[in-house]
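Q: There's a structure below that I have some questions on.
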Amino acid sequence: MIEQLVLPKCLRQDALLAYHDHNGHTGIKRTYAGIHRKYYWSGMYQEVYNYVTSCDKCQRSKQPTHHRPAPLFPLPIEDTLSRWHMDILTCLPKTKDGHQHLLLVVDSFSRWPECFPLKTQEATEIAEILYNEVFSRFGAPRAIVSDRGANFCSKLIQALCELFEVQRYHTSSYHPQTNSTCERMNRTIAQTLRTLVAKDQSNWHKLIPSVMMALCMSTNTESTGYSPFQMLFGKEMNFPFDISVQPKDGMSKTAKNHLESLIDRLKIVKDIAKTSVENSQEKTKSRYDKKAEAPKFKV
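My numbering applies: residue -16 is where the sequence shown begins, and numbers increase by one.
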């Protein structure tokens, strides 16, 4: 037999405060069980449910366990070389030179990839590559995106970005889709390397230029509709075969004419690519949001 005190309405708020707020912000079931052991009132469970689900601290601090994800909000489309995405392809077969990882840096808009074999995953090695091979060759971007690995979040990388006035963005542990550009490229690189490497797999780092060439000249059918090479240079990359069969252009061009033509071509390519990326993002968002639900904060 359970002895319960019928709690008058004027004391119910105090009971909820004591058994929820002052008791570690327990969930609905535990808060209800705690009160129910000693007290009773009609409609108690519903009142406990409403109180706990509208608790401001709980909504802001607790991770939902079975709730649907929030709708997808794609990153804004910027110009080429404005935002780079970084990731590391780890645990590759160790080469004779000691390389066993691959740093991947991808331009968000053009999908232009840069791949660098790594001997370690340390911030010092990554910072040196960013300075020598990315910032010094392509200029300072507006932002770089990476996961929350200790190497990417290090004070050294932070200092380098501050020096070049580069904004850093880190993906959430619960939402790695933010860096999906690198995730997809990583899968492509791994598959290509498996196709090309020798049986002992100790020479994969020497094949990176060949992989880069394949990636740079391949059309991004799912996003821009152009190859990364064309997005940056306004024309397609040539194979030796293309040179042998294409007619020679007998017209001489001045630097001014060439520049004007290049600017026009790049503008057309970027405008069309931007529309293609927007359409692709909209389709991705539409598919994702079918299983998503906007968070509702009760006040």
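C-beta: ideal position from N, C-alpha, C; glycine also. Note that the structure is predicted; figures quoted are calculated from it, not measured.
On the CB-based measure, 16 or more other CB atoms within 10 Å of its CB, does H3 come out buried or exposed?
A: Buried: at least 16 other Cβ atoms inside 10 Å.
Q: Can you grab the Cα-Cα spacing for the pair S93 / Y32, in whole Å?
A: Taking the straight line from one Cα to the other gives about 50 angstroms.
Q: Return the first residue and the last residue of the beta strand (DSSP E) that P211 is part of.
A: Unbroken run through P211 is the alpha helix (DSSP H), P211 to F216; no beta strand (DSSP E).
Q: Which whole-angstrom value describes the C-beta separation of D130 and D70, a residue pair presumed to lie in contact below a C-beta threshold of 8 angstroms?
A: The pair is a contact, with the Cβ atoms about 7 angstroms apart (cut-off 8 angstroms).
Q: Mapping the DSSP letters down to three states, classify V149 as helix, strand or coil.
A: It is coil, neither helix nor strand.
Q: So, with DSSP's three-state summary, where would you put P283?
A: Since the first residue of the chain shown is -16 and the last is 282, residue 283 is not available in this structure.
Q: To the nearest angstrom, report how far apart L176 and V194 are at their CA atoms.
A: Computed Cα separation, rounded: 7 angstroms.
Q: Please go through the same chain and pick out, in chain order, the residues whose beta-carbon is closer than 7 angstroms to the beta-carbon of N134, but skip the five residues on each side of it.
A: Around N134: Q104, E105, A106 and I109.
Q: By the 10 Å Cβ neighbour count, where 16 or more other Cβ atoms means buried, how is I246 classified, buried or exposed?
A: Label assigned to I246: exposed.
Q: Cβ of L113 within 8 angstroms of Cβ of L101?
A: Contact: no.
Q: Grab the span of the beta strand (DSSP E) containing E97 for me, first residue to last.
A: Per DSSP, E97 belongs to the beta strand (DSSP E) from P96 to L101.
Q: Give the range of the alpha helix (DSSP H) segment to which S193 is assigned.
A: I191 to M200 is the extent of the alpha helix (DSSP H) around S193.
Q: So what's W24 in DSSP terms, helix, strand or just coil?
A: Three-state result, W24: coil.
Q: Hey, would you say L72 sits closer than 8 angstroms to I172, going by beta carbons?
A: Their beta carbons are under 8 angstroms apart, which means L72 touches I172 by this criterion.
Q: Alpha carbon to alpha carbon, how far is Q(-4) from V149? Give it in angstroms, no decimals.
A: For V149 and Q(-4), the distance between alpha carbons rounds to 50 angstroms.
Q: Does DSSP put Y157 in a helix, a strand or coil?
A: Only weak support is given to the placement of Y157: the predicted model assigns it a pLDDT of 48, under 50, and the value that follows is read from those uncertain coordinates. Correct three-state label for Y157: coil.
Q: So who's on the other strand from L85, going by DSSP bridges?
A: According to DSSP, which records beta bridges pairwise, L85 is partnered with L72 and P100.
Q: How would you write the range of the alpha helix (DSSP H) that A106 sits in, first residue to last?
A: Taken as a continuous stretch (DSSP letters only), the alpha helix (DSSP H) holding A106 covers A106 to I112.
Q: Can you tell me the Cβ-Cβ gap for S206 and M220, rounded? I've got them flagged as a contact below 8 angstroms.
A: Not a contact, Cβ separation roughly 18 angstroms.
Q: Let me know if P124 comes out buried or exposed under the rule of 16 or more other beta-carbons within 10 Å of its beta-carbon.
A: P124 is buried by the Cβ-count criterion.
Q: Within 10 angstroms of its Cβ, does T63 collect 16 or more other Cβ (buried), or is it exposed?
A: It is buried - the Cβ of T63 has at least 16 other Cβ atoms within 10 Å.
Q: Measure the CB-CB distance between A1 and L(-10) and report whether it falls below 8 angstroms.
A: Contact flag unset, no.
Q: When the distance is taken between beta carbons, is H68 closer than 8 angstroms to C165?
A: Yes, the Cβ-Cβ distance between C165 and H68 is below 8 angstroms.
Q: From this set, T36, Q83, T258 and C(-7), which residue's C-alpha is nearest T9's C-alpha?
A: Of T36, Q83, T258 and C(-7), the residue nearest in Cα terms is T36.
Q: Evaluate S119 with the Cβ neighbour count: other Cβ atoms within 10 Å of its Cβ, from every protein chain shown; 16 or more gives buried, anything less gives exposed.
A: It counts as exposed.
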